[in-house]
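Going letter by letter, the sequence shown gives residues 212 to 476 in the numbering used here. Read the structure below first, then the notes.
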Amino acid sequence: MLNAMVAIATLSFLGGSDSKDMFEKTRSLRGTVEIPGNSVLLNSTMNHSGNFSESLRVGTLPLEDLVKQDQLQQQKQKKKKIIDKRQQQEQQNRSTATGAGNRCLCIFDVDRTLTGKQEDTTRCPQNKVTHSIDPAYHGGHRHLTLSQLGQNLESTFCKACILAIISAESTHRLVVEALLHGGPTVHGCDGLCKVKKATKLASELGVAHRRVFFFDDKASNVMHFKGSGMNAHQVSCGSRGDGGHGHCGGKTSEVTQASGVGTCP
Numbered sequence: 212m213l214n215a216m217v218a219i220a221t222l223s224f225l226g227g228s229d230s231k232d233m234f235e236k237t238r239s240l241r242g243t244v245e246i247p248g249n250s251v252l253l254n255s256t257m258n259h260s261g262n263f264s265e266s267l268r269v270g271t272l273p274l275e276d277l278v279k280q281d282q283l284q285q286q287k288q289k290k291k292k293i294i295d296k297r298q299q300q301e302q303q304n305r306s307t308a309t310g311a312g313n314r315c316l317c318i319f320d321v322d323r324t325l326t327g328k329q330e331d332t333t334r335c336p337q338n339k340v341t342h343s344i345d346p347a348y349h350g351g352h353r354h355l356t357l358s359q360l361g362q363n364l365e366s367t368f369c370k371a372c373i374l375a376i377i378s379a380e381s382t383h384r385l386v387v388e389a390l391l392h393g394g395p396t397v398h399g400c401d402g403l404c405k406v407k408k409a410t411k412l413a414s415e416l417g418v419a420h421r422r423v424f425f426f427d428d429k430a431s432n433v434m435h436f437k438g439s440g441m442n443a444h445q446v447s448c449g450s451r452g453d454g455g456h457g458h459c460g461g462k463t464s465e466v467t468q469a470s471g472v473g474t475c476p
């Protein structure tokens with residue numbers, strides 16, 4: 212693109228000249244900066260009107276600025292590819308760290324499990340407010356707040372397992388999903404739907420039901436797992452909100468490998 216623009220500018224500059232004029236004008240175009248893949252004409256001194264602009268411009272931006280923007284964009288894309296590849300590798304390492312028979316899957320609810328009540332660090336001093344917006348439970352435009360569990364998934368036994376999310380909310384919250392290192396996410400799913408989706412994930416990932424661990428702040432969601440062969444445990448037991456859901460969210464101490472289905476005392 213840049214080469215084509217430079218070629219047009221050069222032809223326009225040289226067009227209509229006799230050999231002597233062309234020699235003089237060609238000599239004035241020696242201010243050329245070489246950039247990989249592009250040759251950009253800069254600091255030329257003449258044009259048909261007598262003065263060639265100091266730098267070839269496209270729109271309102273100097274050509275050299277466009278080149279810098281292009282280089283920055285390429286650097287950002289390269290960095291993103293590296294991060295994506297690293298996350299995929301981490302997820303693959305989790306899924307192959309143990310033999311197929313011992314592979315484990317940790318599935319988490321989001322609202323009031325990995326998150327707490329928006330912006331409440333008075334009742335929940337261990338929670339962390341982020342810059343993202345969380346509309347869950349009529350949160351409006353208040354900021355998403357990570358629970359103590361949401362901030363410390365890596366300190367639980369689930370670090371060695373495949374991580375997944377099954378959430379009743381339909382909103383994709385990138386801050387939370389980033390915690391999974393590329394693990395699967397299911398949104399808009401509540402009640403019995405969570406059992407069905409957990410069963411499907413276990414089958415697709417080759418994880419035995421006895422090695423599936425589900426964590427949710429609502430007792431009703433946990434109890435649906437009875438008879439499924441999977442393990443399910445309620446969290447946010449120490450802080451409850453209105454409507455049967457948690458308040459501050461889960462804690463790492465509530466994430467255990469205990470077998471069976473268990474709700475708060």
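C-beta atoms are modelled at their ideal positions from N, C-alpha and C, and glycine is treated no differently.
Provide the residue span of the beta strand (DSSP E) that contains Cys-317, from first to last. 316-319
Selected residue, minimal CA-CA separation from Leu-416, among Ile-318, Gly-399, Gln-288: Ile-318
Taking the beta carbon of Ile-373 as the centre, do at least 16 other beta carbons fall within 10 Å, making it buried, or is it exposed? buried
Helix, strand or coil at Gln-445 according to DSSP, with G and I counted as helix: strand
Give the list of continuous beta strand (DSSP E) stretches no shorter than 3 residues that lie fully inside the region 357-405. 373-377
Ser-447 and Asn-428 - do their beta-carbons sit closer together than 7 angstroms? Reading the sequence as shown, one finds Asp at residue 428 and not Asn. Yes. Within cutoff.
Take the Cβ of Lys-290 as the centre, count every other Cβ of all protein chains shown within 10 Å, and call the residue buried at 16 or more, exposed below. exposed
With distances taken Cα to Cα, identify the nearest neighbour of Gly-471 among Pro-273, Glu-388, Gln-445. Cα-wise, what sits closest to Gly-471 is Gln-445.
Looking at Gly-327: is its Cβ nearer than 7 angstroms to the Cβ of Thr-356? yes
Looking at the unbroken beta strand (DSSP E) that takes in Val-433, where does it start and where does it end? Note, Val-433: premise wrong, no beta strand (DSSP E); alpha helix (DSSP H) at 430-434.
In whole angstroms, what is the alpha-carbon distance linking Val-418 and Gln-359? 27 angstroms
CA nearest to the CA of Gly-461, picked from Gly-393, Asp-322, Ser-431, Gln-286: Restricting attention to Gly-393, Asp-322, Ser-431, Gln-286, the CA atom closest to the CA of Gly-461 is found in Asp-322.
Out of Asn-363, Lys-339, Ala-379, Pro-395, state which residue places its alpha-carbon closest to the alpha-carbon of Ala-347. Ala-379
Rounded C-alpha distance that separates Gly-473 from Gly-440: 13 angstroms
Applying the criterion that 16 or more other CB atoms from any shown protein chain within 10 Å of the CB defines a buried residue, is Asp-345 buried or exposed? buried
Other residues of its chain near Ala-409: CB distance less than 7 angstroms, five sequence neighbours each side excluded: Ile-318, Ile-377, Val-423, Phe-425, Met-441
Helix or strand or just coil, what does DSSP make of Thr-463? helix
On the three-state DSSP scale, how would you describe Lys-328? coil
Given a threshold of 16 other Cβ atoms within 10 Å of its Cβ, counted over all protein chains shown, does Gly-361 qualify as buried or as exposed? buried
Grab me the residues of Thr-405's own chain with a C-beta within less than 6 angstroms of its C-beta, minus the 5 sequence neighbours each way, in chain order. The sequence given here places Lys at residue 405; Thr does not occur at that position. Cβ neighbours of Lys-405 beyond the five flanking positions: Ile-377, Asn-432.
Those residues which DSSP pairs with Pro-346 across a bridge: Looking at the DSSP assignment, Pro-346 forms no beta bridge with any residue, so it has no partner.
Could you tell me if Glu-265 is buried or exposed, where buried requires 16 or more neighbouring beta carbons within 10 angstroms of its beta carbon? Because Glu-265 sits at a pLDDT of 43, beneath the cut-off of 50, its placement in the model cannot be relied upon, and the following sentence gives the value as read from the coordinates. Per the 10 Å Cβ criterion, exposed.
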